[in-house]
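Visitor:
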Amino acid sequence: MAVERTLSIIKPDATRRNLTGQINARLEEAGLRIVAQRRVRLTLEQARQFYAVHASRAFFDDLCKFMVSGPVVAQVLEGEDAIARNRDAMGATNPANAADGTIRKAFGESIEANSVHGSDSAETAATEIAFFFSERDIVG
Ligand code: ADP
Ligand code: MG
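Residue numbering for the sequence shown follows this note's numbering, starting at 1025 and increasing by one per position.
(1) Could you tell me if the beta carbon of aspartate 1086 falls within a distance shorter than 8 Å of some heavy atom in the ligand MG?
(2) Give me the Cα-Cα distance between alanine 1149 and serine 1134, rounded to the nearest whole angstrom.
(3) DSSP puts serine 1032 in a beta bridge; with which residues?
(4) Which residues does DSSP pair with glutamate 1104 in a beta bridge?
(5) Tell me the DSSP secondary structure of valine 1077 in three-state form.
Given below as structure tokens:
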């Protein structure tokens, strides 16, 4: 295992319900350090760019609209094996299938409004971190 960084987003369904602190506590309990964090309201263009990999999917337009429906909290998480560790803490995409103890099981409202995003590989983590943060914003 190596120390990694990954990009996390607390999605609008969670900021709307004032869950930022509860989600951050779960991330920290999972062994992740929040080394950068910024609350932002994405533009539709930014949401479409961030999720461009899903542009051909039937849910793409709805997903982008959802992501601009309220503020999000973008954050860089750091820790041993942070990418997989965060995915484990998040749980399955569909909260109905997420394991007990995961963030999506606890807080997700639907397969779309599932409270958190997490990078899925080292390559996407680097791209997604750079989407929101410059190196000087990240304080390890
Ligand atoms: P994950 O966020 O677990 O990596 P994906 O990368 O497959 O999942 O999808 C990105 C996001 O798109 C999901 O977190 C969810 O918000 C939304 N999404 C995925 N699949 C669906 C679906 N079938 N219907 C509606 N929204 C979806
Ligand atoms: Mg994904």
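We put the beta carbon where it would ideally sit given N, CA and C, even for glycine.
Guide: Working from what's here:
(1) no
(2) 24 Å
(3) Gln1099, Gly1142
(4) Val1027
(5) helix
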